[in-house]
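Q:
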């Protein structure tokens with residue numbers, strides 16, 4: 483998840499979120515309705531509880547072997563071996579070298595439930611976005627749902643995907659293009675974040691596009707004859723400052739941030755090359771596209787001002803999450819009845835994920851769930867990497883997995899509910915265009 487380093491706080495939440503601090507968020511809607519098929523949910527809970535220790539060992543193993551996007555070879559082999567041990571139909575290197583698929587089918591007919599397990603880590607800080615928890619959540623959802631299908635004779639199919647390179651690599655977008663999601667009726671996953679302990683967040687995410695500006699100038703001796711050079715680093719710095727000025731005229735919900743890169747830089751030589759890489763985020767992909775045109779002008783103007791050649795390219799983009807309101811409502815009801823509270827403030831609301839494009843293709847849900855972490859120790863920090871190894875984080879992962887598996891079971895069992903899921907998807911499509 484591409485995210486900020488900020489941890490949300492409020493006057494109603496302690497500076498450190500822990501299971502014993504007594505702090506609970508206020509649900510958006512008081513009360514809850516009766517559970518759909520408590521017997522099915524009980525089966526799911528029992529199975530996930532049986533797998534508690536196995537899943538925790540799996541999580542810690544993945545955490546101890548952090549791998550960057552498209553290099554998740556240990557994770558690929560570990561997850562596929564785990565699923566094969568539990569007698570799933572596993573396909574290794576599913577469309578991509580580190581992607582994988584595990585399939586279970588019961589009976590004839592029925593609907594297909596898609597589930598995602600992310601695997602990649604971050605450069606320098608390892609699993610500082612908790613993808614070890616996301617990975618085992620996908621496994622837990624799939625395992626719990628399978629147990630319910632077998633015990634209660636529910637026809638249908640589960641497709642669990644191991645999805646690489648979420649952190650800027652658009653792995654799910656590539657899998658979607660390759661047909662990996664074809665045939666799924668819904669797709670679900672979840673993501674850890676700071677927040678009040680015991681809460682599950684139904685907030686969305688921001689859309690994002692990555693731009694890179696490459697500046698080509700001319701080397702010169704920085705003291706003896708600087709007038710002979712064209713300073714590519716100056717161009718990159720101007721690009722940064724141009725964007726800093728632009729940000730004053732952007733809405734507070736929009737984000738632009740970037741870094742410099744270069745090769746063979748020496749302090750006494752005018753740099754002949756420089757790159758400026760930036761991410762442009764906004765609540766919708768339409769708004770991102772509007773901002774991108776303004777940012778392009780900033781990047782190109784920097785080249786003109788310094789006499790450097792400027793090449794501006796778009797690297798990738800990711801859509802905002804379209805949280806399916808029907809699926810979200812069912813998760814909320816289960817959580818409120820069984821596990822904690824629902825909020826619309828925390829989660830990954832100011833971050834971005836490649837799951838957004840999946841949510842544009844089919845009815846999908848991607849709730850956040852709170853794990854205990856220190857203030858200013860949110861996603862993409864070493865403190866969050868440590869938090870994702872704790873027992874409390876593990877149990878929070880299992881709880882949200884139970885709610886998602888229970889929701890998926892209702893999709894398989896309840897035709898009226900599934901019609902509502904489809905109508906919610908189409909209504910949202912009309913609103914977003």
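Residue numbers (my numbering): 483 to 915.
For each residue, glycine too, the CB sits at the ideal point set by N, CA and C.
From a predicted model like this one, the values you see are computed outputs, not experimental measurements.
#1: Hey, is the region 532 to 551 in contact with the region 613 to 620, meaning 3+ C-beta pairs nearer than 8 Å?
#2: By a C-beta neighbour count over all protein chains shown, 10 Å radius and 16 as the cutoff for buried, is residue 741 buried or exposed?
#3: Got a sec? Which residues, its chain only, sit under 7 Å from residue 807 by beta carbon, not counting five neighbours each side?
#4: In the DSSP assignment, find the unbroken alpha helix (DSSP H) run with residue 537 in it and report its ends.
#5: Taking 8 Å as the threshold (C-beta atoms), are residue 889 and residue 809 in contact?
#6: Helix, strand or coil: which one does DSSP assign to residue 508?
#7: Counting only the same chain and skipping the five closest in sequence on each side, list residues whose C-beta sits under 6 Å from that of residue 642.
#8: At a Cβ threshold of 8 Å, is residue 688 touching chain E?
#9: Taking only runs of the alpha helix (DSSP H) that begin and end inside the region 772 to 857, which ones reach a length of at least 4 residues, in chain order?
#10: Just mark residue 683 as buried or exposed, buried being the case when its beta carbon has 16 or more other beta carbons within 10 Å.
#11: Count the other C-beta atoms from every protein chain shown that fall within 10 angstroms of the C-beta of residue 815, then say buried if there are 16 or more, exposed otherwise.
#12: Suppose only complete runs of 3+ residues qualify. What are the beta strand (DSSP E) ranges in the region 708 to 762, listed by chain order?
#13: Select from 748, 646, 821, 724 the residue whose C-alpha is nearest the C-alpha of residue 517.
#14: Out of 804, 852, 875, state which residue places its alpha-carbon closest to the alpha-carbon of residue 842.
#15: Grab me the residues of residue 787's own chain with a C-beta within less than 7 Å of its C-beta, minus the 5 sequence neighbours each way, in chain order.
#16: Using beta-carbon positions only, say whether residue 639 and residue 594 come within less than 8 Å of one another.
#17: How many angstroms separate the CA atom of residue 649 from the CA atom of residue 706?
#18: Mapping DSSP to helix, strand and coil, what is residue 683?
#19: For residue 633, tell me which candidate among 831, 881, 589, 769 has the shortest Cα-Cα distance.
#20: May I have the straight-line CA-CA distance separating residue 600 from residue 609, to the nearest angstrom?
#21: Less than 8 Å between the beta carbons of residue 764 and residue 736, yes or no?
#22: Taking the DSSP output, what are the residues bridged to residue 645?
#23: Could you give the DSSP three-state label for residue 593: helix, strand or coil?
#24: Residue 678: which of 884, 856, 900, 864 sits nearest, CA to CA?
#25: So what does residue 586 bridge to, in DSSP terms?
#26: Take residue 770 and list the residues in its own chain whose beta-carbon comes closer than 6 Å to its own, dropping the five residues that flank it on each side.
#27: Please classify residue 488: is it buried, with 16 or more other beta-carbons within 10 angstroms of its beta-carbon, or exposed?
#28: Smallest Cα separation from residue 686: which of 828, 644, 553, 603?
#29: Can you name, in chain order, every residue of its own chain whose Cβ lies under 6 Å from the Cβ of residue 798, other than the five neighbours on each side?
#30: With respect to the alpha helix (DSSP H) encompassing residue 566, which residues constitute its N-terminal and C-terminal limits?
#31: Are residue 704 and residue 752 touching if we call contact CB-CB under 8 Å?
#32: Quick one: using the 10 Å Cβ neighbour count with 16 as the cut-off for buried, is residue 773 buried or exposed?
#33: Tell me which residues share the same chain as residue 939 and place their Cβ nearer than 6 Å to its Cβ, disregarding the 5 neighbours each side in the sequence.
A: Reading off the structure:
#1: Output reads yes: the region 613 to 620 touches the region 532 to 551.
#2: As a position in the chain shown, residue 741 is number 259, starting the count at 1. With fewer than 16 other Cβ atoms within 10 Å, it is exposed.
#3: Within the chain shown, the letter at position 325 stands for residue 807. Excluding residues up to 5 positions away in sequence, 906 lie with their Cβ nearer than 7 Å to the Cβ of residue 807 in the same chain.
#4: Here residue 537 refers to the residue found at position 55 when the chain shown is read from its first residue. Start and end: 534 to 546.
#5: Looking up residue 809 in the chain shown gives position 327. Looking up residue 889 in the chain shown gives position 407. The Cβ atoms of residue 809 and residue 889 lie closer than 8 Å to each other.
#6: Position 26 of the chain shown, counted from the start, is the residue given in the question as residue 508. With a pLDDT of only 43 at residue 508, under 50, the local geometry of the prediction cannot be trusted, and no value is derived from it.
#7: Within the chain shown, numbered from 1, the residue matching residue 642 stands at position 160. Within the same chain, 584, 597, 620, 624 come within 6 Å of residue 642 by CB-CB distance, once the 5 residues on both sides are set aside.
#8: Structure shown: chain E not included; a single protein chain is present.
#9: Restricted to the region 772 to 857, the alpha helix (DSSP H) segments that are unbroken, complete and at least 4 residues in length are 807 to 820, 837 to 843, listed in chain order.
#10: Position 201 of the chain shown holds residue 683. Residue 683 is buried by the Cβ-count criterion.
#11: Start at 1 with the first residue of the chain shown, and residue 815 comes out as number 333. Residue 815 should be labelled buried.
#12: For the region 708 to 762, whole beta strand (DSSP E) runs of length 3 or above, ordered along the chain, are 737 to 743.
#13: In the chain shown, counting from the first residue as 1, residue 517 sits at position 35. Shortest Cα-Cα distance from residue 517 to any of 748, 646, 821, 724 involves 821.
#14: For this step, residue 842 is matched to residue 360 along the chain shown. Nearest C-alpha to residue 842: 804.
#15: Looking up residue 787 in the chain shown gives position 305. In the same chain as residue 787, and ignoring 5 residues on each side of it, the C-beta atoms closer than 7 Å to its own belong to 720, in chain order.
#16: For the purposes of this step, residue 639 is taken as the residue at position 157 of the chain shown. For the purposes of this step, residue 594 is taken as the residue at position 112 of the chain shown. Closer than 8 Å, so yes.
#17: Stepping through the chain shown from its first residue, residue 649 is reached at position 167. Stepping through the chain shown from its first residue, residue 706 is reached at position 224. As the crow flies, the alpha-carbon of residue 649 is around 44 Å from that of residue 706.
#18: Position 201 of the chain shown, counted from the first residue, corresponds to residue 683. Strand at residue 683.
#19: Here residue 633 is taken as the residue at index 151 of the chain shown, counted from 1. Of the candidates 831, 881, 589, 769, 589 places its Cα closest to the Cα of residue 633.
#20: Stepping through the chain shown from its first residue, residue 600 is reached at position 118. Stepping through the chain shown from its first residue, residue 609 is reached at position 127. Computed Cα separation, rounded: 11 Å.
#21: The residue given as residue 764 occupies position 282 in the chain shown. The residue given as residue 736 occupies position 254 in the chain shown. A contact, by the Cβ cut-off of 8 Å.
#22: Within the chain shown, residue 645 is the residue found at index 163, counting from 1. DSSP lists 600 as partners of residue 645.
#23: Locating residue 593 in the chain shown gives position 111, counting from the first residue. Under the three-state reduction of DSSP output, residue 593 falls in the strand class.
#24: Position 196 of the chain shown, counted from the start, is the residue given in the question as residue 678. Ranking 884, 856, 900, 864 by Cα distance to residue 678 puts 856 first.
#25: Translated into positions along the chain shown, residue 586 becomes position 104. Residue 586 is bridged to 640.
#26: Against the chain shown, residue 770 aligns to sequence position 288. Cβ neighbours of residue 770 beyond the five flanking positions: 689, 691, 762, 764.
#27: Position 6 of the chain shown, counted from the first residue, corresponds to residue 488. Note that residue 488 scores 34 on pLDDT, short of 50, meaning its location in the model is unreliable; the coordinates nonetheless yield the value given after this. Counting C-beta atoms within 10 angstroms of its own C-beta, residue 488 has fewer than 16 neighbours from the protein chains shown and is therefore classed as exposed.
#28: Here residue 686 is taken as the residue at index 204 of the chain shown, counted from 1. The residue with the shortest Cα to Cα distance from residue 686 is 828.
#29: Here residue 798 corresponds to residue number 316 of the chain shown, with the count starting at 1. For residue 798, where only same-chain residues beyond five positions count, the Cβ hits under 6 Å are 652, 692.
#30: Within the chain shown, the letter at position 84 stands for residue 566. That run of the alpha helix (DSSP H) goes 555 to 567.
#31: Here residue 704 refers to the residue found at position 222 of the chain shown. Here residue 752 refers to the residue found at position 270 of the chain shown. Yes, they are a contact pair.
#32: Counted from its first residue, the chain shown places residue 773 at position 291. Under this definition residue 773 is a buried residue.
#33: Residue 939 lies beyond the stretch modelled for the chain, which goes from 483 to 915, so this question has no answer here.
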